[in-house]
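Just so we're on the same page, the numbering used here is the position in the sequence shown counted from 1, plus 7. Where is the CB? At the ideal position from N, CA and C, for every residue including glycine. Every value quoted in this text rests on a predicted model; they were computed, and no experiment measured them.
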Amino acid sequence: MYPVLAEKRMLYLTPEGGTVFIGNLPLQRVNPTGASILELCNGKNTTDEICAALAEKYDDDIARVTRIVDQFLEKSKRIVDQFLEKSKERGNIFLTEEPSEHPLICGNRELWVPYYVSVELTKKCDLHCIHCYAEAGPPPVDELPTERWLKVLNELYHLGTLTVNITGGDPLAHPDIFDVLDFCEEKFHVIVSTSGYRIDKDTARKLSEYKSIETIQVSLDGPDPETHNSIRGRSDSFQKAVTALQLLSGLEPEVHVAMVVLPVNEDKIEETITLAKRLGANVFGAGRIYSVGRAKGKFPLSVEKMVALDKKVTELSQKYSDKTFIVRRRDPNVLQHTIGEDISLEDMLKYGDALMKAVGGNCGAGYRSVFIQSDGNVIPCGMLDNVIGNVAKTSVRDVLKSPVIQAFKGLAAPHADICGECSTRFLCSGCHALAYMYSEKNPHCKWRRYYEERVPCAE
């Protein structure tokens with residue numbers, strides 16, 4: 008029999024072993040031996056061949072290795088069976104009688120290589136959004152040339168990155184966007200995040216022809232021109248977004264609608280959901296604003312308002328989600344990143360200490376995922392400006408050797424042992440950017456001191 012990772016499963020290799028994911032949700036962490044076993048479950052090796060390879064690698068007795076492998080594979084299947092109890096798909100591994108090919112293995116044993124990388128191809132954007140974290144508009148003069156971007160992407164591919172989010176600004180405003188997408192084809196899972204402003208019939212057709220593009224995300228911040236345009240800063244931006252969604256509907260990539268909730272549109276979430284559904288979107292996500300970029304200090308949300316927003320989106324999800332359309336929160340949540348459970352803010356406020364203690368960890372920013380800005384600076388995410396390194400000046404491999412990577416890997420999410428009885432510690436939800444944002448209003452924030460003591464370059 009030929010063990011192989013099941014469909015939609017991914018093995019992410021790290022210096023500490025590895026993790027099996029389904030989508031972005033971690034299912035099972037494994038030590039280096041477990042990672043070695045799963046790495047050989049590529050559909051080309053029989054169980055006996057896996058055992059022989061491991062016995063040779065570890066200079067061990069074949070009979071003992073066979074027992075270990077059999078026990079590990081059985082445990083692996085049992086763990087995922089429990090996780091997917093209500094699902095028709097079961098197991099990380101299945102056995103085939105003939106050799107097959109379905110290996111989905113990424114990461115690296117030597118370095119913490121991010122499996123998810125956001126690539127800010129350009130800051131150029133046709134809009135002037137009032138909340139833009141990147142303060143996008145006219146492109147700066149120091150953006151990476153296309154040739155350099157291709158070298159960066161090539162190095163990420165060979166190091167083991169799985170998914171790239173091509174973003175901006177608006178990546179479709181980059182003159183060589185299709186050269187970049189051509190290069191990514193058959194190398195990465197690709198997400199394209201855009202305002203939709205530049206999507207016409209020909210662009211939609213071209214995007215639909217890429218097998219590597221799994222998701223196209225389009226911003227829609229209201230159900231009417233007045234609301235959307237007041238946020239996006241251009242009088243024709245609503246109609247452009249609607250046209251883009253209409254043109255993309257029914258094509259191969261999934262179409263996601265992203266809504267940022269602000270005071271001007273917080274009472275129009277449901278109307279925006281129904282419009283997105285009518286336009287053929289597959290997924291709708293609504294989330295709170297980050298106090299960075301143009302939004303810095305302008306749109307404060309109280310604890311009560313954030314909990315109310317969370318409850319409202321959850322209720323609307325129950326009302327409108329079906330087999331072809333999903334409504335979900337866009338806010339980060341440490342429970343989602345660690346055990347795949349989406350816990351409400353209300354429950355986090357009630358039970359947060361126990362939940363956080365149970366899962367530990369963090370969102371993965373700075374080591375499982377990074378953000379590369381258009382000038383080559385590598386930062387943990389788009390909302391944190393701690394510079395890990397710069398790929399315009401050095402190789403990706405050298406950037407990933409930075410002590411900042413290790414610092415973020417070991418950085419704990421806000422919890423009671425650090426934060427005491429601080430009322431916002433659960434609202435941070437394991438997101439370092441949110442925690443840092445809230446800490447700016449609290450000069451006594453213990454987590455911020457903890458953060459700045461541990462993260463090199465923290466400002």
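Member of the options whose CA lies at the smallest distance from the CA of residue i
i      : options                        : result
Met266 : Gly417, Ser309, Arg336, Leu286 : Arg336
Gly373 : Leu227, Pro121, Gly175         : Pro121
Gly176 : Thr153, Phe378, Asp186, Ser200 : Ser200
Val187 : Thr210, Thr174, Ser202, Leu157 : Leu157
Ser324 : Met313, Thr281, Gly300, Leu286 : Thr281
Phe28  : Gly50, Asn38, Leu12            : Leu12
Glu428 : Ile44, Cys452, Gly41, Val320   : Cys452
Glu277 : Glu193, Ala251, Ala302, Val334 : Val334
Leu45  : Arg16, Asp66, Lys312           : Arg16
Ser202 : Ile75, Val310, Glu193, Ala251  : Ala251
Asp392 : Arg241, Leu441, Pro270, Lys82  : Leu441
Glu56  : Gly41, Thr73, Tyr65            : Thr73
Glu154 : Gly383, Cys426, Ala420         : Gly383
Residue i, buried or exposed, once every other Cβ within 10 Å from all chains shown has been counted against 16
i      : result
Met8   : exposed
Asn172 : buried
Ser430 : exposed
Val398 : buried
Gly371 : buried
Arg295 : buried
Thr345 : Note that Thr345 scores 43 on pLDDT, short of 50, meaning its location in the model is unreliable; the coordinates nonetheless yield the value given after this. The residue in question, Thr345, is buried, as its Cβ has 16 or more Cβ neighbours within 10 Å.
Ser381 : buried
Lys247 : buried
Asn449 : exposed
Lys82  : exposed
Ala42  : buried
Host beta strand (DSSP E) of residue i (start-end)
i      : result
Ala293 : 290-294
Ile206 : Segment: none, Ile206 is in no beta strand (DSSP E) and carries neither H nor E.
Ala315 : Counting along the chain, Ala315 falls outside any beta strand (DSSP E), though it belongs to the alpha helix (DSSP H) covering 310-327.
Gln253 : Run containing Gln253: none in the beta strand (DSSP E); it sits in the alpha helix (DSSP H), 244-255.
Asn384 : 384-386
Ser376 : 376-379
Val264 : 261-267
Glu221 : 220-226
C-beta contact flag for residue i and residue j at 8 Å
i      : j      : result
Arg455 : Ala414 : no
Glu261 : Glu221 : yes
Ala141 : Glu127 : yes
Pro10  : Leu111 : no
Thr21  : Trp119 : yes
Arg239 : Cys388 : no
Leu134 : Tyr204 : yes
Arg375 : Tyr164 : no
Phe185 : Lys213 : yes
Val159 : Ile412 : no
Lys468 : Pro152 : Residue 468 cannot be examined here, being either before or after the span of the chain that is shown, 8 to 466.
Val314 : Ala293 : no
Pro39  : Gly24  : yes
Val403 : Glu162 : yes
Val249 : Leu286 : yes
His138 : Phe245 : no
Residues near residue i by beta carbon distance below 7 Å, same chain, minus five either side
i      : result
Asp329 : none
Lys275 : Gly229, Pro230, Thr234
Leu254 : Ile206, Lys208, Ala211
Tyr19  : Gly25, Thr26, Phe28, Cys113, Gly114, Tyr122
Alpha helix (DSSP H) segment containing residue i, residue limits
i      : result
Pro410 : 410-416
Gly287 : Segment: none, Gly287 is in no alpha helix (DSSP H) and carries neither H nor E.
Gly41  : 39-46
Leu134 : Neither: Leu134 is in no alpha helix (DSSP H) and is coded neither H nor E.
Ala60  : 54-64
Thr153 : 153-166
Ile460 : A quick correction: the sequence has Glu, not Ile, at residue 460. First-last of the alpha helix (DSSP H) with Glu460: 453-461.
Val126 : Where Val126 is concerned, there is no enclosing alpha helix (DSSP H), although the beta strand (DSSP E) it sits in stretches over 123-129.
Tyr19  : That residue, Tyr19, is in no alpha helix (DSSP H); its beta strand (DSSP E) goes 16-21.
Spatial neighbours of residue i in its chain, beta-carbon cut-off 8 Å, leaving aside the 5 residues before and after
i      : result
Lys284 : Phe291, Tyr327, Phe332
His196 : Leu169, Thr170, Val171, Ser219, Glu221
Leu418 : Asn369, Gly373, His439, Tyr458, Arg461, Val462
Lys77  : Before going on, a small fix: residue 77 reads as Asp here, not Lys. So the list reads Thr54, once near-sequence residues are dropped.
Thr129 : Pro146, Glu150, Gly175, Gly176, Asp177, Pro178, Ala180, His181, Ser381
Met444 : Tyr297, Ser298, Val299, Met390
Ala60  : Leu47, Asn52
Asp68  : Ala62
Beta carbon proximity, residue i to chain C, threshold 8 Å
i      : result
Asp189 : This model lacks chain C altogether, as it is built from one protein chain only.
Own chain partners of residue i with C-beta closer than 6 Å, once the 5 adjacent residues on each side are dropped
i      : result
Phe90  : Confidence at Phe90 is low in this model, with a pLDDT of 43, below 50, so the placement of that residue should be treated as unreliable; the coordinate-derived value is given next. So the qualifying residues of the chain are Leu34.
Lys318 : none
Gly167 : Cys113, Gly114, Asn115, Val120
His263 : Thr222, Gln224, Val290
Gly396 : Val385, Val406, Ser409
Ile37  : The sequence shown places Val at residue 37, not Ile. Closer than 6 Å at the Cβ level, and outside the excluded window around Val37, lie Gly24, Gly25.
Gly367 : The predicted position of Gly367 is uncertain, since its pLDDT is 48 and thus under 50; a value taken from the coordinates is nonetheless stated next. For Gly367, where only same-chain residues beyond five positions count, there are no Cβ hits under 6 Å.
Any non-hydrogen atom of the ligand FAD within 7 Å of residue i CB
i     : result
Gln78 : The model on display carries no ligand, and the ligand FAD is accordingly not part of it.
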